[in-house]
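S.K.:
Number of protein chains: 4
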Amino acid sequence: MKAENKHSKIISAATKVFAKKGFFTARISDIAKEAKVADGTIYLYFNNKYDILLSVFEEEVGKIVENTEKLLSLEDDPRKQLEIFAIQHLLAMKKNRHLAEVIQIELRQTHKIIKEYRDNNFSNYTGIIAEIIRNGQKSGIYRSDIKPDLAKRAFFGALDEISRVWNASLETNYSVKEIATQILSIFLAGIQVDPSNLPE
Amino acid sequence: MKAENKHSKIISAATKVFAKKGFFTARISDIAKEAKVADGTIYLYFNNKYDILLSVFEEEVGKIVENTEKLLSLEDDPRKQLEIFAIQHLLAMKKNRHLAEVIQIELRQTHKIIKEYRDNNFSNYTGIIAEIIRNGQKSGIYRSDIKPDLAKRAFFGALDEISRVWNASLETNYSVKEIATQILSIFLAGIQVDPSNLPE
Amino acid sequence: MKAENKHSKIISAATKVFAKKGFFTARISDIAKEAKVADGTIYLYFNNKYDILLSVFEEEVGKIVENTEKLLSLEDDPRKQLEIFAIQHLLAMKKNRHLAEVIQIELRQTHKIIKEYRDNNFSNYTGIIAEIIRNGQKSGIYRSDIKPDLAKRAFFGALDEISRVWNASLETNYSVKEIATQILSIFLAGIQVDPSNLPE
Amino acid sequence: MKAENKHSKIISAATKVFAKKGFFTARISDIAKEAKVADGTIYLYFNNKYDILLSVFEEEVGKIVENTEKLLSLEDDPRKQLEIFAIQHLLAMKKNRHLAEVIQIELRQTHKIIKEYRDNNFSNYTGIIAEIIRNGQKSGIYRSDIKPDLAKRAFFGALDEISRVWNASLETNYSVKEIATQILSIFLAGIQVDPSNLPE
DNA sequence: CATGAATGAGGGTTCATTCAT
DNA sequence: GATGAATGAACCCTCATTCAT
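And the structure:
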């Protein structure tokens, strides 16, 4: 229990520090101070600085994926599903600004390892979008000339870019609901066979 | 001329090295070796490592902006203009993979300074999209309920995410033309007043 | 008794670990693991890492000295006595390779403290040789021009160097008996008044 | 020339510092300070701390071997040759106390690498003794029942042990000449066929 | 202008030691 | 007494930057 506690305290501190200073600029002692543990304590739970980054990603992102998939399973309409994904993503990013930056900034990082890791892992996440689109195509709701793997990137990229600058400018301008509505209205109109046919 | 030469040799070397190793992992000596100059020589042209990054961005991205704006001035149809932007962006990213990574990876990095810098600078670039949309709205081609500053992010984000994974998976799968066509077909259908009204 | 048990378990574990990894490279946790106690337990029996080293030396070497002196007291012939010392030393080193290395490697180490310590302690051990030689000189068996304190170092050094490389090369080549015979045949011939006068 | 200078300044400083504090206790900054260079400068000439140790050994010991072999080539009498070796060894150790300790203390150290290294390298050195003995056996001067590879260890060990405690106790008591004479008188008497047959 | 040897601050990591349980 | 999680001082090494040549 105590160890559990400390492990997540470090993860959470690291998420905050990485987001604020960036992986390379962040010092282990920053994380330690933020987590209110000694520097050395961190190495009881992680092998090295890089391992902390991976763990932050693994653990925190895992939660989002899990949560999103649960919600999606309760809904059949591919249009509603796309909306769920968008809202979940934006909510998660808004709720955990620190994490948002870690995902967006750090995991676009250099190391091959991380790239592969992300590719294996984020595929799961963005793959959800492609799956929704494919389902929509089967039910004749989405245009069959849309390539799911291109569209998923476009959709994810749109959401990602918007939450990227969240802190800076969009902070007070738009709510998650407004943004999701705009993006959805564009994409649904863009990929539906009959754009006038909107979900109720 | 010789100095000019050396300056751009360093910029070009830095672009390559930053893309390959990342800003923080890249060493000045790596850039010097790649540029075939002495380490110290770099400091005759740049104040510090960080200054090199800014310069890479400034100079290389400047070219793209300039080029894109020139092409756009020759075309009036907002739908064609959006297509021009998409194609120009994808072509530029494809042509200069190194630069593409520098923009995508490094400039999402760390320091507030860079963020502000980017915001001032990239605003110009993404601002082009917003301008196109506003024009289209005036001429009644684009839906008036679309928020240009949200749509510009969505559009840029879509393009950006697609070129991000370029190297990895899309390498051989799709041509720039195909990708641009897909994205355009989604976005135009998404934001036009009359989706069936496509440019010839 | 239980404490006694733990104390010697640690000593024995430390001897093994020091020999294998060297004093500085050995970690307290290595010793703890080898002794099957917790790291902290070690500090119930020893003041610090260095104290363990001293104790290893003190206890283990003490046994050898004691044993050797007992055997020597049963023999009067200085030539036989030298043989006893040589055989006892080689046997002890062969029997306890770990200890052998600790003595040879670690106690030539660093700190003045240890040097003085060794000087005080090993003097007892090598002093045995000097004493044997002095006795032999009194009985007219050993040459009177031999300086006992030089000869003792030469004799001990010869034995020490031979057991140093024991593991490596001499492992299978020579038995303790053979080696002792060779060394003795050289030294006795070297320091006797009448080299042809060998003990039966 | 300048680099040469700095390289040897570091070697020499390291020899001194290693001898004084021991390899593990010595800090890089100690060596740097002693050599009057910056810490980082050391890494322009050596890969790591351990590499410095190897280099100290390699360079300094190399000189001794070279010098000793040159002198030996000028002398045919195996008894004189043994004397030359003893005197050269003792002189070298006396002249360079620091080096003496490095050889004796540090190179008995742990790492397999160093052991192998030493075995390969010191074999050359102690091998000289074995060779002298073999030659003496061929010319009928040394006893044929002596095993050269045991005798070489005994002889080297005797010299080594004596110079080991040099600083401590023998400092003022005996000169190199006296010591060499004693050791030689023991060993020559010990290994000659006719002990009374001494070189003039 | 150009060089690259030299600098030295900075930080990741280890591990002897402590102490609450 | 015994534990082992936690501590934090210590140190090797890197690399951006400088400057004498």
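Chains as they are written, first to last, in the numbering used here: chain A, 2 to 201; chain B, 2 to 201; chain C, 2 to 201; chain D, 2 to 201.
Just so it is clear, CB atoms sit at the ideal spot from N, CA and C, and this is done for glycine as well.
Just so it is clear, the structure is predicted and the values come from calculations on it, not from any experiment.
For the ligand PLP, is there any heavy atom lying closer than 7 Å to the beta carbon of A/Q82?
M.R.: As far as ligands go, the structure on display features none, and thus does not contain the ligand PLP.
S.K.: Can you pull the DSSP bridge partners for B/Q183?
M.R.: The partner list for B/Q183 (beta bridge, DSSP) is empty, contrary to what the question assumes.
S.K.: Among the candidates B/N174, B/D195 and B/P149, whose CA atom is the shortest distance from the CA of B/I142?
M.R.: B/D195
S.K.: Here's the rule I'm using: 16 or more other beta-carbon atoms within 10 Å means buried, otherwise exposed. How should B/K17 be labelled?
M.R.: buried
S.K.: What are the boundary residues of the alpha helix (DSSP H) that includes D/E70?
M.R.: Looking at the DSSP string, the run of the alpha helix (DSSP H) that includes D/E70 is G63 to L73.
S.K.: Let me know if A/L171 comes out buried or exposed under the rule of 16 or more other beta-carbons within 10 Å of its beta-carbon.
M.R.: Because the pLDDT of A/L171 is 48, which lies under 50, any placement of that residue in the model is unreliable, and the number read from its coordinates should be weighed accordingly. Label assigned to A/L171: buried.
S.K.: For B/G158 versus A/E162, is the C-beta spacing smaller than 8 Å?
M.R.: yes
S.K.: Helix, strand or coil, according to DSSP, for A/Y219 in the structure here?
M.R.: Any question about residue 219 of chain A goes unanswered here, given that chain A covers just 2 to 201.
S.K.: Can you tell me which of C/S13, C/E132 and C/A33 puts its alpha carbon nearest to the alpha carbon of C/V62?
M.R.: C/S13
S.K.: Which residue wins for smallest C-alpha separation from C/E76, given the options C/A93, C/R165, C/N136 and C/K37?
M.R.: C/N136
S.K.: Can you list, in chain order, the residues of its chain whose CB lies under 7 Å from that of D/V57, leaving out five sequence neighbours each side?
M.R.: I12, A15, T16, F19 and V103
S.K.: My understanding is that D/A152 touches C/A190, with C-beta atoms under 8 Å, so please give their C-beta distance in whole angstroms.
M.R.: Taking the Cβ atoms as the reference, D/A152 lies roughly 12 Å from C/A190, outside the contact range of under 8 Å.
S.K.: Would B/S140 be called buried (16 or more neighbouring beta carbons within 10 Å of its own) or exposed?
M.R.: exposed
S.K.: So, does the CB of C/G137 fall closer than 8 Å to a CB anywhere in chain D?
M.R.: It does not; no Cβ of chain D falls within 8 Å.
S.K.: Evaluate contact between the stretch 36–48 of chain A and the stretch 64–72 of chain A, counting only Cβ atoms and requiring at least three cross-stretch pairs below 8 Å.
M.R.: no
S.K.: Report buried or exposed for C/S164, applying the criterion of at least 16 other Cβ atoms within 10 angstroms of its Cβ.
M.R.: buried
S.K.: A/I129 touches chain B at which residues, Cβ-Cβ below 9 Å?
M.R.: Result: empty, since nearest Cβ-Cβ is about 15 Å, beyond 9 Å.
S.K.: Between D/A33 and D/N49, what straight-line distance do the alpha-carbon atoms span, to the nearest angstrom?
M.R.: 13 Å
S.K.: For C/V177, collect the residues of the same chain with a Cβ closer than 8 Å to its Cβ; drop the 5 residues on either side in sequence, then sort them by chain order.
M.R.: Excluding the 5 residues flanking it on each side, C/V177 has same chain C-beta neighbours closer than 8 Å at I88, L91, L92 and K95, in chain order.
S.K.: Would you verify that the beta carbon of D/K148 is, or is not, closer than 8 Å to some beta carbon of chain C?
M.R.: yes
S.K.: Which chain B residues are close to A/L83, counting only those with a beta carbon under 7 Å from its beta carbon?
M.R.: By Cβ distance, chain B contributes nothing, its closest Cβ being about 12 Å from A/L83, past 7 Å.
S.K.: Using C-beta distances below 7 Å, list every residue in its chain close to C/I184, excluding the 5 sequence neighbours before and after it, in chain order.
M.R.: A87, A159 and L160
S.K.: Which stretch, first to last residue, makes up the alpha helix (DSSP H) that contains C/G158?
M.R.: P149 to R165
S.K.: Just the Cα atoms here: how many angstroms apart are B/H8 and B/Y46?
M.R.: 6 Å
S.K.: Taking just the CA atoms, how far does A/R154 sit from A/K22?
M.R.: 28 Å
S.K.: Less than 6 Å between C-beta atoms, sequence neighbours within five positions excluded: which residues of the same chain meet that for C/K113?
M.R.: Confidence in C/K113 is poor, its pLDDT being 43 and thus under 50, which makes the residue's placement too unreliable to answer from.
S.K.: Short of 6 Å in beta carbon distance, which residues of its chain neighbour B/Q82, apart from the five on each side in sequence? Order them along the chain.
M.R.: L73, E76 and I133
S.K.: CB-CB under 7 Å to C/E85, same chain, minus the five flanking residues each way: which ones, in chain order?
M.R.: Here residue 85 of chain C turns out to be Ile, not Glu, going by the sequence shown. Once the five neighbours on either side are set aside, the close Cβ partners of C/I85 are L72, L73 and E76.
S.K.: Should A/I126 be flagged as near chain B, meaning a C-beta pair shorter than 8 Å?
M.R.: Note on identity: in this sequence residue 126 of chain A is Tyr, with Ile being the wrong assignment. By this cut-off, A/Y126 is not an interface position.
S.K.: Using only the alpha-carbon positions, how far apart do B/R80 and B/L55 sit?
M.R.: 33 Å
S.K.: Which residues in chain C have a C-beta closer than 7 Å to the C-beta of D/E132? List them in chain order.
M.R.: Neighbours of D/E132 in chain C, taken as residues whose beta carbon is under 7 Å from its own, are absent, since the nearest beta carbon is some 17 Å off.
S.K.: Here's a check: name, in chain order, each residue in its chain whose Cβ is nearer than 7 Å to the Cβ of B/S145, leaving out the five neighbours to either side.
M.R.: Q138
S.K.: Sorted by chain position, which residues of the same chain lie with C-beta nearer than 6 Å to D/I53's C-beta, five sequence neighbours on each side aside?
M.R.: A15 and F47
S.K.: Less than 7 Å between C-beta atoms, sequence neighbours within five positions excluded: which residues of the same chain meet that for D/I180?
M.R.: L91 and I163
S.K.: Beta-carbon of B/G191 versus every beta-carbon of chain A: anything under 8 Å?
M.R.: At least one CB of chain A lies nearer than 8 Å to the CB of B/G191.
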